[in-house]
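>
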Amino acid sequence: MSEPTILILNGPNLNLLGVREPALYGSDTLGDVEEACRERAGLLGVDIDFRQSNHEGVLIDWIQEARGTAAGIVLNAGALTHTSVAIHDALKASDLPVIEVHLSNVFRREPFRHHSYISSVAVGVICGFGVASYVLAVEAMAGALGVGDKAAA
Ligand code: DQA
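Residue numbers for the sequence shown, in my numbering: 846 to 998.
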C-alpha cells in the first residue's frame, strides 16, 4: 500500500530562508527544512510533497489540487497568513486536515501578525520553534492521519 502524502506548502519570502533576517528566522535554508521534514516523514511512514511559492494564486491552485492527491496539508503561508481570505476559503474547500506552522513565535511580534486567516480552518497551530515547528507539524499530521512510527514498530 502506498504511503499517505503530506503536502507542505510555503508562502512568500520563505525561499529566502537562511539569508532573510537570520536573527529571527535562523540560518537554515528552506532546503534544510525540507531535508528535516523528509527525514522525519521517512521514519513515520509518510511521503511529503514540499513546495514554495511567492504567489497567492499558485498556492491556491496547489491547495485545490491537493484534494485528490494529498492526505493533509502543512502550511506556512508567510505574510499571507495575516491577509488571505482566499487561502482560508481554499483550505476549507479542500476538506483536508491542515496544520499551520510558523518558524517564529508570531505572538511575540507585531500586533498585525497576531491574527491568522488559517488558524480557524486548521487542526492546530505550531509556531516559534524554528525548523522544529515543521518537524513537529509532520509528526502531528502523521498522528492525525493515524500513521504509526516505523521506528517504534
Ligand atoms: C512566518 C511569520 C509571518 O508573520 C511572516 O510574514 C513570515 C514568516 C514564520 O514562519 O514565522 O513570512 O510565517
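Quick reminder that beta carbons are idealized off the backbone N, C-alpha and C, glycines included.
For Lys937 versus Val966, is the C-beta spacing smaller than 7 Å?
Yes, the Cβ-Cβ distance between Lys937 and Val966 is below 7 Å.
> Any heavy atom of ligand 1 closer than 6 Å to the beta-carbon of His947?
Answer for His947: yes, Cβ within range of ligand 1.
> Tell me the start and end of each unbroken beta strand (DSSP E) in the stretch 864 to 922 that is at least 3 residues and wholly inside, in chain order.
DSSP runs (the beta strand (DSSP E)) wholly in the stretch 864 to 922: 892 to 897 and 917 to 921.
> In the DSSP assignment, the alpha helix (DSSP H) including Val980 goes from what residue to what residue?
Note, Val980: alpha helix (DSSP H), Val976 to Ala989.
> Looking at Gly969 and ligand 1, is the gap between the Cβ and the nearest heavy atom below 6 Å?
No, ligand 1 has no heavy atom inside 6 Å of this Cβ.
> Report yes if the C-beta of Gly876 is less than 6 Å from at least one heavy atom of ligand 1; otherwise report no.
Checking every heavy atom of ligand 1 against the Cβ of Gly876, none is found closer than 6 Å.
> Spatial neighbours of Arg896 within its chain, please: CB distance less than 8 Å, with the 5 preceding and 5 following residues excluded, ordered by chain position.
Excluding residues within five positions, the ones whose Cβ falls inside 8 Å are Leu852, Ile853, Leu854, Asn855 and Trp907.
> Apply the 10 Å Cβ neighbour rule to His900 and answer buried if 16 or more other Cβ atoms are within range, or exposed otherwise.
Answer is exposed; the Cβ neighbour count stays below 16.
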